[in-house]
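For the record, the sequence lines run as chains A and B.
First residue of the first sequence: 1, per this note's numbering; consecutive thereafter.
First residue of the second sequence: 524, per this note's numbering; consecutive thereafter.
Here is the structure we will look at, set down as structure tokens.
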Amino acid sequence: MSELIIVGSGAAGAAAALALADLGLRPLLLDVGHTDPGAGPRVEGNLYDYRRRHDTFGLYIGEDLHGLSDVLTGETGIAKLNAPNAAFVVQDAARLSPVEASGFDAIQSFALGGLGNAWGAGLYRFVDADLAGFPLRAADLAPYFDRLTGEVGISGAGDDLTPFFGATAGLQPPLRLSYNADRFYRSYAHRRAAFLAQGIQVGRPRLGVLSQPRDGRPGCDYSNTEFWQDAPYLYTPAVTLRKLIAAGQIDYRPGVLVRSWTETAAGVVVDATDAATGAALRFEGRTLLLAAGAIGTSKIVLRSFRDYDTALGLLENPAVQIPFVLPASIGRRLDAQAFGLTQLNLVWESPDHGRLQGSLLELTSPMRAEFFMRFPLAARANLALVRSLLPAMLLMQLFYPGAAQPPAQLSLREDGTLRIRGHENAISVRELAPLLGLMRSAGLWTAPMLIFKPATGHAIHYAGTLPMTESPARYQCDPTGKLAGAEHVYIADSASFTALPAKNMSFGMMANAMRIAEAAARR
Amino acid sequence: MLPTSKSCILCETEARKIYAAIFGGEIPLAVLNRFVVATQRLNANVPPAETDAYYRALLACDDLEALEVAARYTRKLPLLTRKFRLMAYLAETVPETQDFFINDRSNLLAGLWAAFTGGLRTAVKLPAGLWLLRRCAHV
Ligand SMILES: Cc1cc2nc3c(=O)[nH]c(=O)nc-3n(C[C@H](O)[C@H](O)[C@H](O)COP(=O)(O)OP(=O)(O)OC[C@H]3O[C@@H](n4cnc5c(N)ncnc54)[C@H](O)[C@@H]3O)c2cc1C
Numbered sequence: 001m002s003e004l005i006i007v008g009s010g011a012a013g014a015a016a017a018l019a020l021a022d023l024g025l026r027p028l029l030l031d032v033g034h035t036d037p038g039a040g041p042r043v044e045g046n047l048y049d050y051r052r053r054h055d056t057f058g059l060y061i062g063e064d065l066h067g068l069s070d071v072l073t074g075e076t077g078i079a080k081l082n083a084p085n086a087a088f089v090v091q092d093a094a095r096l097s098p099v100e101a102s103g104f105d106a107i108q109s110f111a112l113g114g115l116g117n118a119w120g121a122g123l124y125r126f127v128d129a130d131l132a133g134f135p136l137r138a139a140d141l142a143p144y145f146d147r148l149t150g151e152v153g154i155s156g157a158g159d160d161l162t163p164f165f166g167a168t169a170g171l172q173p174p175l176r177l178s179y180n181a182d183r184f185y186r187s188y189a190h191r192r193a194a195f196l197a198q199g200i201q202v203g204r205p206r207l208g209v210l211s212q213p214r215d216g217r218p219g220c221d222y223s224n225t226e227f228w229q230d231a232p233y234l235y236t237p238a239v240t241l242r243k244l245i246a247a248g249q250i251d252y253r254p255g256v257l258v259r260s261w262t263e264t265a266a267g268v269v270v271d272a273t274d275a276a277t278g279a280a281l282r283f284e285g286r287t288l289l290l291a292a293g294a295i296g297t298s299k300i301v302l303r304s305f306r307d308y309d310t311a312l313g314l315l316e317n318p319a320v321q322i323p324f325v326l327p328a329s330i331g332r333r334l335d336a337q338a339f340g341l342t343q344l345n346l347v348w349e350s351p352d353h354g355r356l357q358g359s360l361l362e363l364t365s366p367m368r369a370e371f372f373m374r375f376p377l378a379a380r381a382n383l384a385l386v387r388s389l390l391p392a393m394l395l396m397q398l399f400y401p402g403a404a405q406p407p408a409q410l411s412l413r414e415d416g417t418l419r420i421r422g423h424e425n426a427i428s429v430r431e432l433a434p435l436l437g438l439m440r441s442a443g444l445w446t447a448p449m450l451i452f453k454p455a456t457g458h459a460i461h462y463a464g465t466l467p468m469t470e471s472p473a474r475y476q477c478d479p480t481g482k483l484a485g486a487e488h489v490y491i492a493d494s495a496s497f498t499a500l501p502a503k504n505m506s507f508g509m510m511a512n513a514m515r516i517a518e519a520a521a522r523r
Numbered sequence: 524m525l526p527t528s529k530s531c532i533l534c535e536t537e538a539r540k541i542y543a544a545i546f547g548g549e550i551p552l553a554v555l556n557r558f559v560v561a562t563q564r565l566n567a568n569v570p571p572a573e574t575d576a577y578y579r580a581l582l583a584c585d586d587l588e589a590l591e592v593a594a595r596y597t598r599k600l601p602l603l604t605r606k607f608r609l610m611a612y613l614a615e616t617v618p619e620t621q622d623f624f625i626n627d628r629s630n631l632l633a634g635l636w637a638a639f640t641g642g643l644r645t646a647v648k649l650p651a652g653l654w655l656l657r658r659c660a661h662v
């Protein structure tokens, strides 16, 4: 029998495992655990030098045409997950966890390291305002944030966003800004008073991306390759997992699909199947920590209670994507020496939805063809814009709090299919007028017709199905993450969030997973 | 009517016409071969009535660029825009086409000129495409 069993090796599972390893415990980690076969081509040096000399079909598309998923299906997916090197991240998800959804596109991962293999590594501490409604305060998470900052290697800076992003201790210097981001940031500095008057502040992101070498990992090389291969300077949960496995600090069992648990006097019996063959497997432990992703964890809980009626409220951040053009950069050569993801963040105390958080992204890493039909002109004219306008653009992904729209309803059918009933993204572009006006004054132009509303589910910040409260009822957790109605089961991932702030939530979830793992171990 | 085989002749015609409409000139062989495979995969995901209408229009119309922009604005023949996107993705993967996608030298005037002429080009192509939609695409 194991003392502690963790289910899932994503950001939450990896953080929980780290906390237990720090306590000198050796948890059993059950996971499906797909890995990157590593067969794809690798870019040495800069993406754009490489493109001029090499056929990039294998890098961008792949023989199985994975990179063309959106065009072939006619759907709009997540560009980063369409990269051939990310195919393993969502491999087999439809078979292992079928979902029947409306108004919600659920992205699930069964990979070692989970969805974090494809993330943008925007890792932000939660401050007290983010924890409104939670039965805990930022100070409760602070030691775990500090520990994780050391583990991950985070770059960032003290600036206008420090009150929203928390302590700066242990941060590496921020990454070098791309040409366009730098221009905008200078312009913001000149107009700062006007921005502050509207409740808008801009600053450097907190990224799990090294700006300088550290622990044998290199610093960012500004090669634009982030979409296309795992970058050693960009942290993913698999980094921690692999370290713990190599050091023998966890007992990692891949190929295991957990179905449910039953409690005994001594602890839990976990029922699972071999993910490949379907053969039944069984594990015994004293305490169970569920970290299978908010959706996966909810499924295991509902199945363990044999509940095929209850619908749990599933939170997600609605979002909008705003393409901006810097007129002064039109015709400029492509900034080929850039970090291809988040350059800057923006926080807006909006009149309609409270605090919103935006990420200003550089567009140098995705394929240019991704944008070809996003322009409204004839094909050759669009192609000319890809060449001359795209290098003058930044994209803002603006997150709204989970409370900005009603939660989706998640339930389980007896045949194991999840049902998710969500709501179409109903964010009103008109409400953005004050923000867009100010951005224009700082040199970033857009047009409302270009603003894109991603499908609900595409922020991939799922949370809140089993919320923590002081006095938990059914399908709630206590402040230590212990699930009501179960003696030995803890919810370590964002399923236990009480609310979902407008913030990339993974770092908050990781710190909380460490806190819960410690509480479970102490019990 | 529907292309079925791997070396589908109609798909080759399709590839050449779409490439010429977007980039002008001869399609690189690697792009042609990949398009032929990918277009059949795409067709398999689309109702036969839609592919039939698409191939009829493709064969009947010469100015595919005009037809596509009009189809996009009127939300007709959605398959045509998907095929244009497909071609752009595939074409981007070969070194020969890089100058279409990447601007290596800064030139503000050239950039503004591209935007201006792009607008003009669309103003000419759109009405032409609307006419084509009725004359040769019958939609
Ligand atoms: C393109 C992209 C960009 C993103 N960018 C950011 C960002 O910048 N910042 C941020 O905070 N977040 C970002 N996210 C979101 C972030 O990646 C996820 O919120 C986070 O990784 C979720 O971690 P998790 O541990 O809860 O679950 P997951 O990552 O979903 O991991 C679930 C784990 O559980 C295992 N599992 C599931 N079910 C079972 C089962 N039944 N039996 C056994 N094992 C099981 C899986 O194998 C997997 O290991 C991004 C996501 C994507 C896709």
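Even for Gly, the Cβ is constructed at its ideal location relative to N, Cα and C.
Item	Value
Assign K503/A to one of three DSSP states: helix, strand, or coil.	coil
Assuming P323/A is part of the beta strand (DSSP E), what are its boundary residues?	319–325
Can you list, in chain order, the residues of its chain with a C-beta nearer than 7 Å to that of E75/A? Leave out the 5 residues immediately preceding and following it.	none
Going by the beta-carbon positions, is the gap between A495/A and A521/A smaller than 8 Å?	no
Can you tell me whether R368/A is buried or exposed, with buried defined as 16 or more other CB within 10 angstroms of its CB?	buried
Could one say the Cβ of G331/A lies closer than 8 Å to chain B's Cβ atoms, at least one of them?	yes
Which residues, in order along the region 369–391 of chain A, keep a beta-carbon less than 9 Å from a beta-carbon of chain B?	A369, E370, F372, M373, F375, P376, L377, A378, A379, R380, A381, N382, L383, A384, L385, V386, R387, S388, L389, L390, P391
Answer yes or no: does any C-beta atom of chain A fall closer than 8 Å to that of A633/B?	yes
Need the endpoints of the beta strand (DSSP E) that E44/A sits in, please.	Unbroken run through E44/A: none, as it is neither H nor E.
Put A272/A into one of helix, strand or coil per three-state DSSP.	strand
State the DSSP-derived secondary structure class of F110/A, mapped to helix, strand or coil.	coil
When the Cα atoms are used, what is the spatial distance from N512/A to T240/A?	16 Å
Name the DSSP bridge partner or partners of W119/A?	Bridge partners of W119/A: none, in fact.
Give the secondary structure of N345/A by DSSP, where H, G and I count as helix, E and B as strand, and everything else as coil.	strand
How big is the Cα-Cα spacing for L18/A and P254/A?	18 Å
My output table needs one value for F623/B: the three-state DSSP class, helix, strand or coil.	helix
From the beta carbon of D55/A, is the nearest beta carbon of chain B less than 8 Å away?	yes
So G10/A is in the beta strand (DSSP E); what residue range does that whole segment cover?	Unbroken run through G10/A: none, as it is neither H nor E.
At a CB-CB cut-off below 8 Å, which residues of chain A make contact with T604/B?	M373
Going straight from the alpha carbon of Q91/A to that of I427/A, what length do you get?	31 Å
Return yes when the C-beta of I200/A is under 7 Å from any heavy atom of ligand 1, and no when it is not.	no
Comparing C-alpha positions only, which one of S9/A, I491/A, N504/A, E518/A sits nearest to K243/A?	S9/A
Mind checking the region 545–561 of chain B against chain A and listing, in chain order, the residues whose C-beta falls within less than 7 Å of any C-beta there?	I545, A553, R557, A561
Is it right to say T277/A is buried, meaning 16 or more other beta carbons lie within 10 angstroms of its own, or is it exposed?	exposed
Near Q212/A, what residues of its chain come up, given a Cβ to Cβ distance below 6 Å and the 5 sequence neighbours on each side ignored?	Q172, G219
Does any residue of chain B bring its CB to less than 8 Å from the CB of R147/A?	no
Please report whether the beta-carbon of L581/B lies at a distance below 8 Å from any beta-carbon of chain A.	no
Can you give me the Cβ contacts of S528/B inside the same chain, cut-off strictly under 7 Å, excluding the 5 residues immediately before and after it?	Note that S528/B has pLDDT 44, beneath the 50 cutoff, so the model's placement of it is unreliable and no number is given.
Excluding the 5 residues flanking M449/A on each side, which residues of the same chain have their C-beta closer than 8 Å to its C-beta?	P376
Report yes if the C-beta distance between V71/A and Y612/B is below 8 Å; otherwise report no.	yes
Would you check if the region 607–625 of chain B and the region 50–59 of chain A touch, i.e. whether three or more CB-CB distances between them fall below 8 Å?	yes
Note down, in chain order, every chain A residue with its Cβ under 9 Å from the Cβ of P618/B.	R51, R52, R53, H54, D55, T56
Of the residues Y48/A, A266/A, V268/A, S388/A, which one's Cα is nearest the Cα of F339/A?	Y48/A
Are three or more beta carbon pairs between the region 377–394 of chain A and the region 638–652 of chain B nearer than 8 Å?	yes
Closest to G422/A by C-alpha separation, out of V152/A, A408/A, A118/A, would be which residue?	A408/A
Near H353/A, which residues of its chain fall below 7 Å by C-beta distance, leaving aside the five closest residues on each side in sequence?	Y400, P401, A404
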